[in-house]
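Each step along the sequence shown adds one to the number in the working numbering, with nothing skipped, and position 74 is 69.
From the three backbone atoms N, C-alpha and C, an ideal C-beta is built for every residue, glycine too.
Written below as structure tokens is the structure these notes are about.
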Amino acid sequence: MRLNPISNISDQNNLRTLINIIARQISDNTGTFTASTGTTTTVTNKQVSSGSKIFITPRSQASADSRWFIVSIGNGSFVVGHTASTTARAFDYMITDIT
-4 MRLNPISNIS DQNNLRTLIN IIARQISDNT GTFTASTGTT TTVTNKQVSS
46 GSKIFITPRS QASADSRWFI VSIGNGSFVV GHTASTTARA FDYMITDIT
């Protein structure tokens, strides 16, 4: 979404649009998922769109030692690829570029 500069504070439509864009960037844009068996995990979040950026942080040493990557990003979800394991590995994520 294009962000227009606010040069006239009385332009309520532009101001409203700016506030809504900012609110979407900080609302419901984080979460946690667990990767266990298999080699992919699908994470569902209504804030995800095909243009989103996903940042993943491991929550344990086992999670950090595993290999993981983003396979795909679509509207409403993203898929994380990872090495198969019998040990569950927890991750946090943050979504940016929410439209």
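Just to confirm my understanding: we take Thr27, look at its own chain, exclude 5 residues before and 5 after, and list those with CB closer than 6 Å. What are they?
Here residue 27 corresponds to residue number 32 of the sequence shown, with the count starting at 1. Here the set comprises Asp87.
Which residues DSSP lists as bridging Gly46, in chain order:
Taking the sequence shown and counting its residues from 1, one reaches residue 46 at position 51. Per DSSP, none; premise fails for Gly46.
Quick check: Gln72 and Val43, are their CB atoms within less than 8 Å of each other?
Taking the first residue of the sequence shown as 1, we reach residue 72 at position 77. Taking the first residue of the sequence shown as 1, we reach residue 43 at position 48. It is worth fixing the name first, because residue 72 is Ser in this sequence and not Gln. For Ser72 and Val43, yes; Cβs fall inside 8 Å.
Would you check if the segment 6 to 18 and the segment 58 to 72 touch, i.e. whether three or more CB-CB distances between them fall below 8 Å?
no
On a CA-only basis, which of Thr82, Ser45 and Ser2 is nearest Ile90? Give me that one, please.
Numbered from 1 along the sequence shown, position 95 holds the residue referred to as residue 90. If we check each option's Cα against that of Ile90, Ser45 comes out closest.
Less than 8 Å between the C-beta atoms of Ser61 and Thr36, yes or no?
Residue numbering aside, residue 61 sits at position 66 when the sequence shown is read from its first letter. Residue numbering aside, residue 36 sits at position 41 when the sequence shown is read from its first letter. Not in contact: Ser61 and Thr36 (Cβ atoms no closer than 8 Å).
Output the boundary residues of the alpha helix (DSSP H) element that contains Asp60.
Along the sequence shown, one-based indexing puts residue 60 at 65. Residues Gln56 to Asp60.
Could you give the distance in angstroms between the alpha-carbon of Ser55 and the alpha-carbon of Ile49?
In the sequence shown, counting from the first residue as 1, residue 55 sits at position 60. In the sequence shown, counting from the first residue as 1, residue 49 sits at position 54. The straight-line gap from Cα to Cα measures roughly 19 Å.
Rounded separation between Ser58 and Asp92 - CA only
In the sequence shown, the residue the question calls residue 58 occupies position 63. In the sequence shown, the residue the question calls residue 92 occupies position 97. Cα to Cα, Ser58 sits roughly 25 Å from Asp92.
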